[in-house]
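Counted from 1, the sequence shown has number 301 at position 301 by this note's numbering; the numbering is strictly sequential.
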Amino acid sequence: MSENNHPVSAETHDEHEAHAKHAAVDGAVVIDVSDDKLTAYLHITEEKFDGNPVTYKDITSTVESHGINYKPDLDKAKELIEHKSFNKKIYLSRGFSAVNGEDGTIEYFFETSSTLVPKKGEHGNVDFKDLGLVRNITEGELIAKITMPTEGTPGMDVYGQEIPPAPGKEPKFIVGQGTELFNHGTEIKAVRDGNLVWGKGGFTVEETLVIKESVDVSTGNIDFIGNVLIKGNVAENFMVKSKKNVSVNGSVTNATIIADGDINIGLGSVNSNIVAQGNVKLGFCESSKVECQGDFYSKSVIAGEVYCGGSFNATQDRGVVFGGKHTALAGFNANIIGTESYTKTQVTLGNSAVLTEERLELSNKIKDLDERTRKLLQVAEVLQEHKKNFGSLSADREAMLTTAIRSRFTFQREVKQLNERIKEIDKELEFVGEQFVVVHKNLWPGVTVRIGTELLIVDRNMQKVMIGKDSAGHLAYLPISSAKSKS
1 MSENNHPVSA ETHDEHEAHA KHAAVDGAVV IDVSDDKLTA YLHITEEKFD
51 GNPVTYKDIT STVESHGINY KPDLDKAKEL IEHKSFNKKI YLSRGFSAVN
101 GEDGTIEYFF ETSSTLVPKK GEHGNVDFKD LGLVRNITEG ELIAKITMPT
151 EGTPGMDVYG QEIPPAPGKE PKFIVGQGTE LFNHGTEIKA VRDGNLVWGK
201 GGFTVEETLV IKESVDVSTG NIDFIGNVLI KGNVAENFMV KSKKNVSVNG
251 SVTNATIIAD GDINIGLGSV NSNIVAQGNV KLGFCESSKV ECQGDFYSKS
301 VIAGEVYCGG SFNATQDRGV VFGGKHTALA GFNANIIGTE SYTKTQVTLG
351 NSAVLTEERL ELSNKIKDLD ERTRKLLQVA EVLQEHKKNF GSLSADREAM
401 LTTAIRSRFT FQREVKQLNE RIKEIDKELE FVGEQFVVVH KNLWPGVTVR
451 IGTELLIVDR NMQKVMIGKD SAGHLAYLPI SSAKSKS
């Protein structure tokens, strides 16, 4: 049998039979993409029945046709072919998720809730009159810090498509009256002095503190940087302080009012301390101590003590002044001074009168110190003589001698300082202008008037009169009409 007619072996025959029964199956490239499109997997299948095996070009073209273009790992895919690793799933491409933006925040440096509770001191003691009603804040003070929201970072899917992030939310806040945004909208600051109040989602700065009722146990003491308006009264043993003005619609009883500006008390004060850098106006003033650098106004002044750097005015309604000690530097006007029962009332007018009183007090103090120095000198002389005669002193007497010598020198230095102040006063008293106490209705005995170094004791009832210096420089009664001609 010729070579061409060799019989086919049984094995070869079986193979041909198989090929005849099955069609060729090519190897395939399979790509799976996750639902979130962030991961792509690849595997290859084995060719069968003389099918074509997968080539590297098959992989690249399949990847390209699927649109997987975010950093496909083709090297690992190539290794599958080289090692004939069929049906082994590998990561072909990995995207990354978007990072959402962070929400903006606001940090307040003051409590947004206010509860009136007594404050504790450093040593644990509780002040039941300090309830924290007022929160003073000054212009420029930081109220809150704002952190702006971030946009976030975009992601990327296996197709190379950007995944947008969800931006952070804007913080919710309100810029109230008296506050403003600063530093590119990242800070809220006060733009005026006042009381910091929280309400309706934001802070406001109120220039005037309004107490709708009275200052008492329900409010505690008031210490405010701005104006204070009290629609009721100020109760006993309470204090109101203001860096500006204080107005009280009602009365002040056995209390203290202090203001850097004016004080206005609608009804009046009883047994209270009133101190103002500006003017003071009271409906009535009874047994109270008043000190102001401006003018003083009241319908009646009974007892107590008033000092005003401006003019004293009691000319409305009764306009009566009796009892106590009252001083004005610029002028003194009243309808009535004193009473029919000769109530002791002291009126001092002008800075020179004040200086004269100060000079008198200093002179008395010098006399007292001189006497004390004389006694100390006697003690020192006796002890020194004893030490000279006996050679030593007991410890107690030695200490007494040392104290006597030191105290004597201390007193002498103090006397020197007081004498220097007296010299200053004497120079100031050389320049005194004309000043008058004007009484529009009645001036009663029992009243003492001092103007400058001169003193007048009223000994009879006078009407519509003023007291001033006559041509000889002595205090005298003058008709009110002459005040206009001299003014």
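Idealized CB from N, CA, C, for every residue including glycine.
Please classify residue 237 as buried or exposed, where buried requires at least 16 neighbouring CB atoms within 10 angstroms.
exposed
Rounded to whole angstroms, what is the Cα-Cα separation between residue 67 and residue 108?
51 Å
Around the C-beta of residue 217, are 16 or more other C-beta atoms found within 10 angstroms, so that it is buried, or is it exposed?
exposed
Can you tell which of 316, 334, 345, 331 has its C-alpha closest to the C-alpha of residue 324?
345
Count Cβ pairs between the stretch 215-232 and the stretch 167-175 that sit closer than 8 Å; are there 3 or more?
no
Which value, in whole angstroms, describes the spacing of the CA atoms of residue 364 and residue 472?
28 Å
Residue 47 - DSSP class collapsed to helix/strand/coil:
coil
What's the C-alpha gap between residue 232 and residue 273?
18 Å
Identify the residues that DSSP records as bridge partners of residue 136: which are they?
195
Limits of the unbroken alpha helix (DSSP H) element including residue 80:
74-82
For residue 138, count neighbouring Cβ atoms within 10 angstroms of its own Cβ and tell me buried if that reaches 16, exposed if not.
exposed
DSSP state of residue 174, grouped into three classes?
strand
Label residue 306 either buried or exposed according to how many other C-beta atoms from any shown protein chain fall within 10 Å of its C-beta, with 16 as the threshold for buried.
buried
Given this structure, state the Cα-to-Cα distance separating residue 266 from residue 333, to the nearest angstrom.
20 Å
Among the candidates 276, 91, 249, whose CA atom is the shortest distance from the CA of residue 489?
Shown here, the chain extends from 1 to 487; a query on residue 489 therefore has no answer.
Close beta carbons around residue 56, own chain, < 7 Å, minus the five adjacent residues each side:
78, 81
Pairwise C-alpha distance: residue 445 and residue 296
24 Å
Option in 198, 148, 23 with minimal Cα separation from residue 136
198
Of all the options 475, 87, 470, 436, which has the alpha carbon lying nearest to the alpha carbon of residue 311?
436
Any chance the stretch 182-193 sits against the stretch 138-148, with 3 or more Cβ pairs inside 8 Å?
yes
Would you call the stretch 456-464 and the stretch 396-412 touching, i.e. three or more CB-CB distances under 8 Å?
no
CA-CA distance, residue 37 and residue 158?
6 Å
Do residue 134 and residue 209 have their C-beta atoms closer together than 8 Å?
yes
Between which residues of its own chain and residue 320 is the CB-CB distance below 6 Å, once the five residues before and five after are set aside?
300, 336
May I have the straight-line CA-CA distance separating residue 464 from residue 443, to the nearest angstrom?
8 Å
Spatial distance of residue 222 from residue 302 (CA atoms):
27 Å
For chain B, check one thing: does any of its Cβ atoms lie closer than 8 Å to the Cβ of residue 262?
Note that chain B does not occur in the displayed structure, where there is just one protein chain.
Sort out for me which residues DSSP pairs residue 247 with in a bridge.
229, 264
From residue 161 to residue 74, what does the alpha carbon distance come to, in whole angstroms?
20 Å
Residue 307, DSSP secondary structure in three states
strand
Alpha-carbon spacing of residue 452 relative to residue 355, whole angstroms
8 Å
Using the three-state DSSP reduction, which class does residue 460 fall into: helix, strand or coil?
coil
Find out if the Cβ-Cβ distance for the pair residue 99, residue 152 is shorter than 8 Å.
yes
Identified DSSP bridge partners for residue 110:
Beta-bridge pairing links residue 110 to no other residue.
Of the listed residues 43, 359, 347, 329, nearest to residue 322 (C-alpha basis):
347
Taking the alpha carbon of residue 182 as the reference point, which residue from 165, 195, 147 has its own alpha carbon closest?
147
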